[in-house]
Amino acid sequence: FDAGSHIAKPPPRRRRQRRRSHSDSDLDSDSDSDSHNDEDTDAQKPPAFPPVHSTALESRIDLLTDPLPELTSFILPTGSPLSAQFHEARTVCRRAERRTVPLVREGEVCPEVGRYLNRLSDFFFSAARYANWCEGREEVLYRRAKELTEEDSSTTTRGIRRRERVTVRLRAEEEEKEEVDVDDKAKR
Numbered sequence: 001f002d003a004g005s006h007i008a009k010p011p012p013r014r015r016r017q018r019r020r021s022h023s024d025s026d027l028d029s030d031s032d033s034d035s036h037n038d039e040d041t042d043a044q045k046p047p048a049f050p051p052v053h054s055t056a057l058e059s060r061i062d063l064l065t066d067p068l069p070e071l072t073s074f075i076l077p078t079g080s081p082l083s084a085q086f087h088e089a090r091t092v093c094r095r096a097e098r099r100t101v102p103l104v105r106e107g108e109v110c111p112e113v114g115r116y117l118n119r120l121s122d123f124f125f126s127a128a129r130y131a132n133w134c135e136g137r138e139e140v141l142y143r144r145a146k147e148l149t150e151e152d153s154s155t156t157t158r159g160i161r162r163r164e165r166v167t168v169r170l171r172a173e174e175e176e177k178e179e180v181d182v183d184d185k186a187k188r
């Protein structure tokens with residue numbers, strides 16, 4: 001899907017510039033002001049973005065999520081390289097969505113663009129889950145530190161323990177080397 005920059009920003013505003021004398025503008029000010037206001041209003045409206053695009057994304061999201069297990073918790077963005085790319089695309093899409101919100105509020109961008117970006121990021125999330133499911137990778141559920149079991153905490157501290165063992169071994173080797181050096185000096 002290509003959201004394209006032409007969707008995200010309206011065309012440049014074009015103001016009608018006329019060079020007229022004051023007498024000309026005074027003569028037809030009533031008729032000209034009405035047509036000028038209509039043109040100005042049209043130029044200020046954001047370009048239309050049909051909702052059919054968001055609807056199409058929703059149907060694709062449904063296709064991707066149908067075979068997947070239902071989510072009961074947040075998941076961590078892990079998995080296959082393809083899944084990682086989808087998660088990265090989702091991150092970029094969310095950033096674009098956040099930056100679009102003020103433009104929608106100001107009337108610079110059609111509100112449907114914001115809905116489309118939201119659906120697009122949901123599509124990338126579903127595609128990432130689907131890619132992992134196709135490759136047989138399990139989803140890693142997010143759990144708060146309070147919820148971690150002893151087994152989980154031992155898994156996370158395994159690296160710390162290993163590092164501590166290596167440090168102790170290195171210290172023992174250094175002490176042994178120092179003892180050998182002292183013995184060599186005593187023999188001389």
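So that you can map any letter, position 65 of the sequence shown is 65 in UniProt numbering, and since no number is skipped, the others follow by simple counting. Virtual Cβ for every residue (Gly too), placed ideally from N, Cα, C.
Using a Cβ distance threshold of 8 Å, determine whether the stretch 116-125 contacts the stretch 84-98, with at least three qualifying pairs required. They touch, by the three-pair rule.
Which value, in whole angstroms, describes the spacing of the CA atoms of residue 176 and residue 184? Each residue's Cα considered, the two are about 12 Å apart.
Going by the CB atoms, is the gap between residue 75 and residue 140 shorter than 9 Å? yes
Where the alpha helix (DSSP H) containing residue 99 begins and where it ends: 81-105
For residue 141, write down the residues that DSSP places opposite it in a beta bridge. 75
8 Å CB neighbourhood of residue 34 in its chain, flanking five on each side removed: Below a pLDDT of 50, predicted positions are generally treated as unreliable, and residue 34, at 46, falls in that range; the measurement from the model is reported next regardless. Once the five neighbours on either side are set aside, residue 34 has no close Cβ partner at all.
Per-residue DSSP class, three states only, for residue 135: coil
Which of the three DSSP states, helix, strand or coil, is assigned to residue 62? helix
May I ask you to report which of helix, strand or coil DSSP gives residue 109? coil
Express the C-alpha separation of residue 58 and residue 169 in angstroms, rounding to a whole number. 58 Å
Take residue 126 and list the residues in its own chain whose beta-carbon comes closer than 6 Å to its own, dropping the five residues that flank it on each side. 61, 64, 65
Figure out for me which residue from 142, 187, 124 has the closest Cα to the Cα of residue 83. In terms of Cα proximity to residue 83, the closest of 142, 187, 124 is 124.
Please go through the same chain and pick out, in chain order, the residues whose beta-carbon is closer than 7 Å to the beta-carbon of residue 78, but skip the five residues on each side of it. 140
For residue 68, three-class secondary structure by DSSP: coil
Going by beta carbon distance, what residues of the same chain come within less than 6 Å of residue 53, once the five residues before and after it are set aside? 116
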